[in-house]
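Below: one structure, written as structure tokens.
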Amino acid sequence: PKVSYSLPDGTVHDVDVPCGQSVMDGSVRNNLPGIVAECGGSCSCATCHVFVEDGQSFFDEPTDEERELLEFADGVRPDSRLSCQLILTDDCQGVRVTVPDTNG
Ligand code: FES
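End of the sequence shown sits at 105 in the UniProt record's numbering; the numbers just go up one at a time, nothing left out.
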């Protein structure tokens, strides 16, 4: 499914991310800046913080682990998520995320 990434520099990138990969994977594998993903997706760094502007409902609710980590991210909003925990499925349509400029 297509995922739209709004980057800190103001550019927007539409990327086709294969099912089973995460929103973080789609960014890192296409060399988009802004999602640092220091821990490589194991939900322990919070440098993959994004705001999910559209499509929140396609993803599982955050785990306790994710919620706790998000407390350490800067500029957290109600739509904040860790993008390594957002796994794309066939159902996902019109997912749009904004990457904050505070991911390290
Ligand atoms: Fe480290 Fe997502 S990549 S928490």
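Even for Gly, the Cβ is constructed at its ideal location relative to N, Cα and C. The structure presented is a predicted model; accordingly, all values stated were derived computationally and were not measured.
In whole angstroms, what is the alpha-carbon distance linking residue i and residue j?
{"i": "T90", "j": "G21", "result": "6 Å"}
{"i": "V29", "j": "T64", "result": "22 Å"}
{"i": "P12", "j": "R78", "result": "Checking the displayed sequence, the identity of residue 12 turns out to be Thr instead of Pro. Going from the Cα of T12 to the Cα of R78 covers about 21 Å."}
Is residue i buried or exposed, if buried means 16 or more other CB atoms sit within 10 Å of its CB?
{"i": "G56", "result": "buried"}
{"i": "N31", "result": "exposed"}
{"i": "S43", "result": "exposed"}
At a threshold of 7 Å, does residue i count as lining ligand 1 (C-beta to nearest heavy atom)?
{"i": "E62", "result": "no"}
{"i": "residue 1", "result": "Because the chain here runs from 2 to 105, residue 1 falls outside it and cannot be looked at."}
{"i": "S58", "result": "no"}
{"i": "L70", "result": "yes"}
{"i": "S81", "result": "no"}
Measuring CA to CA, which of the options is closest to residue i?
{"i": "A47", "options": "V24, G27, R78, E72", "result": "E72"}
{"i": "C80", "options": "G27, R97, V16, A38", "result": "As written in the sequence, residue 80 is Asp, which differs from the Cys given in the question. Considering only alpha carbons, the answer is R97."}
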